[in-house]
Amino acid sequence: MIESTNGAANGHDNQASTWSPSSWRSRPIKQPVAYEDEAAVEKSRSKLQRLPPIVTPYEIWKLRRSLADVAEGKAFLLQGGDCAELFDYCNEAAIDSKIKLLLQMSLVLIWGGNKPVVRIARMAGQYAKPRSSPVEMLDGKQVPSFRGDILNGYEPDARDIDPDRLVQAYFHSAATLNYVRAQIASGVADLHNPLDWNLGHVGDEELQTKYTRIVDSIRESLQFMKTVGADTAGQLQTVDLFTSHEGLLLEYEEALTRKLRHPVNRNVPSPPPSVPKVSPLTGGAFIDPSLQAQAETHGYYNTSAHFLWVGDRTRQPDHAHIEYFRGIENPIGIKVGPTTLIEDLAELLDIVNPRKEVGKVTLITRYGEGKVNDLLPVHIEAVRKTGHVVVWQCDPMHGNTRSTTSGIKTRSFASILSELSSALRIHSECGSILGGVHLELTGDAVTECTGGSQGLQDEDLGQRYETFCDPRLNEKQALEMAFLVAGSQRVSENVARR
C-alpha cells in the first residue's frame with residue numbers, strides 16, 4: 003500500500019500518514035458489493051488503473067473555486083440529471099437534451115438571482131445506486147436488486163454482479179464527457195443561437211404570461227449585449243459544465259484515484275510554519291532544513307468526475323466511504339437528512355475538511371416538505387458553530403417520494419417546490435445562504451412526477467414512465483421549477499434593495 007505523504011490537506015491531521023486510495027478497505031462499509039470472481043475484479047481494476055484520467059486537476063480546481071463563490075453567495079449552483087444513468091443514455095439525443103435543459107434552467111436562474119450559475123450534471127458516471135435490499139421479488143422469484151449499470155443489468159437475467167461493467171462504466175463516462183465537451187466547443191451553448199422556449203404546455207393563462215415575460219426579458223438582455231458589443235470576449239459562446247456522481251462503488255473510485263501534480267489554479271491556505279527545535283545549551287534554534295514548511299506539489303485526485311457526493315446511507319463518520327472521501331482533492335457533497343445527528347454533522351466536516359477550506363464541502367439537504375421546517379434551522383446553526391463555511395444545497399426530490407395506490411413510485415411537483423421554497427425562506431431567516439438546488443431530471447417528455455403546469459395525475463404516469471430507479475422531473479417540469487425559483491430570487495433581491 004502506498005500511503006499519502008500529504009494527506010493532511012484533507013484528512014485528520016493525526017491520521018494523515020495512514021490515508022491512501024485503498025485505506026477504506028480497513029473500515030466497515032455500507033452497500034457492500036460481493037464479487038464472485040476476484041480474478042476478474044483484479045483484471046478490471048488493473049485496466050482502470052492504466053487508463054487516462056477522465057477529468058483533470060485543473061478542471062477540478064476550477065470547480066472548487068467556483069463553489070467557493072457559491073458558498074459566499076456570489077454564485078448559484080444548479081446540479082441535475084438522471085437518478086440512475088444507464089449505459090444506453092450514452093447517445094447524442096439523450097446528452098443533447100440534458101445539456102440544453104441545464105443551459106435553459108441556468109439562464110432563468112441567472113435572470114432571477116442576478117449572479118453567475120455553476121452547472122454540474124449528474125452525468126458521465128452516475129451508474130451506481132444504493133438499494134435498501136440486495137434482493138427483490140420479481141414474478142414470485144427472488145433475484146438480486148438492480149444496483150446500476152456499473153454492477154448489473156436491469157433485466158432479470160442480467161442481475162449477476164459483473165466485474166467487466168467497471169471498465170464499461172469508464173468508457174461510457176469518457177464517451178459521454180467527450181461528446182459534451184465537443185458540443186460545447188462547437189457552440190451548442192452559444193447564447194447567440196435561438197433557444198426553444200416553447201411554453202404551450204402551460205395551461206394556466208396567468209402563469210404562461212408570467213413565464214413569457216421572463217423569457218422576453220432574457221432575450222432582450224442577450225440582444226442588448228450583442229448590440230452594444232458586450233459579448234465580443236466570447237463569454238456568451240461557451241459555458242462550463244462539470245460532471246458528478248455518487249461515489250458509491252469504491253472499487254471503481256479507488257482505481258481512478260491518482261496522485262497528480264497540483265495545477266496552477268489551486269488555491270488553499272498555506273500550511274503553518276514549523277516550530278524549530280531549540281538547543282538546550284545555547285538557547286538557539288537548530289538549523290534543520292527538514293523543519294521548514296514544505297509546499298505541497300502533488301495530491302490525490304479522483305479523476306472519474308469533477309464532483310462526488312456521499313449518500314444518506316453511507317455517510318457514517320467511521321465507515322469506508324468517509325474514509326475514502328477525506329483524502330481526495332475534489333470538491334465533495336454530503337447528503338443531510340432526517341437521520342443526520344448534529345454531532346455527526348460536525349464530526350463529518352472536521353474529518354473531510356480539517357483546514358476548513360471554502361468550496362470543498364457541499365451539504366445537500368433532503369428532508370421532505372413535512373420535516374424541513376424543523377430540521378434545517380437546527381443543522382444550519384450546528385454548522386455555524388463549527389466555523390465551517392459550506393455550500394448549502396437543497397435536494398427537494400428524495401424526501402418527497404411516495405407510491406400511488408397501484409404501487410408506482412412518484413413525486414409531487416407541489417411537494418418538491420414546497421421543500422425548495424421552505425429552504426429558501428429558512429436560510430434567509432437564519433442569515434444563511436441557500437447556494438443551490440439538486441434535482442433529478444431528464445430532458446425527455448417522461449411522465450414520472452405528478453403536477454406542474456401539465457397537470458399530470460397519478461393515472462397519467464403510465465404514459466411514459468421510463469425511470470429504472472426514482473422518478474424524475476421531465477423537461478417542462480424542470481424548466482418550470484427554474485422559473486419559480488427565479489421568481490422567488492427576484493422578489494428577495496428587490497426586497498433587499500429597499
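Going left to right, the sequence shown walks through residues 3 to 500 as the working numbering numbers them.
Every residue, glycine too, gets a C-beta built ideally from N, C-alpha and C.
Predicted model, so just to flag it, every value in this text is computed and none were measured.
With a beta-carbon spacing of about 10 Å, L426 and L419 fall beyond the 8 Å limit used to define contacts. One thing to note: V374 has its Cβ within 7 Å of the Cβ of E421.
Restricting attention to beta strand (DSSP E) runs no shorter than 3 residues, the region 123–147 encloses them at 137–140 and 143–146, ordered along the chain.
In the structure shown, T412 falls within a strand segment according to DSSP collapsed to helix, strand and coil. Counting along the chain, H381 sits inside no beta strand (DSSP E); it lies in the alpha helix (DSSP H) bounded by residues V374 to T388. Per DSSP, the unbroken alpha helix (DSSP H) holding V169 starts and ends at D166 to A187.
Secondary structure note for L252: its alpha helix (DSSP H) is the uninterrupted segment L252 to A257.
T214 is classed as exposed because its beta carbon has fewer than 16 other beta carbons within 10 Å across all chains shown.
DSSP links C396 through a beta bridge to T367 and V439.
Pairing V270 with H264, the inter-Cα distance amounts to about 11 Å.
Beta-carbon to beta-carbon, L481 and M107 are separated by about 6 Å, close enough to satisfy the 8 Å threshold. Residues K76, A77 and F78 of the same chain have their beta carbon placed closer than 7 Å to that of K117, with the five preceding and five following residues left out of the count.
Separation of E383 and R357 (C-alpha to C-alpha, rounded to the nearest whole angstrom) is 20 Å. Here the alpha carbons of F470 and S24 stand approximately 31 Å from one another. Non-local beta-carbon contacts of L179 in its own chain, meaning distances under 7 Å to residues more than five positions away in sequence, involve I56, A126 and T245 in chain order.
Rounded to the nearest whole angstrom, the CA to CA distance from E331 to T58 is 11 Å. Under DSSP, Y302 forms a beta bridge with K261. Residue state for K337 is assigned as strand, using DSSP reduced to three classes. In this structure C85 is in contact with E442, their Cβ atoms being roughly 5 Å apart against a cut-off of 8 Å. Fewer than three beta-carbon pairs drawn from the region 24–33 and the region 138–148 are found closer than 8 Å, and the two stretches are therefore not classed as touching. For S46, the enclosing alpha helix (DSSP H) covers residues E40 to R52.
G454 sits close to F415, with the two beta carbons spaced by under 7 Å. Listed in chain order, the beta strand (DSSP E) elements of length 3 or more contained wholly in the region 41–119 are 78–83.
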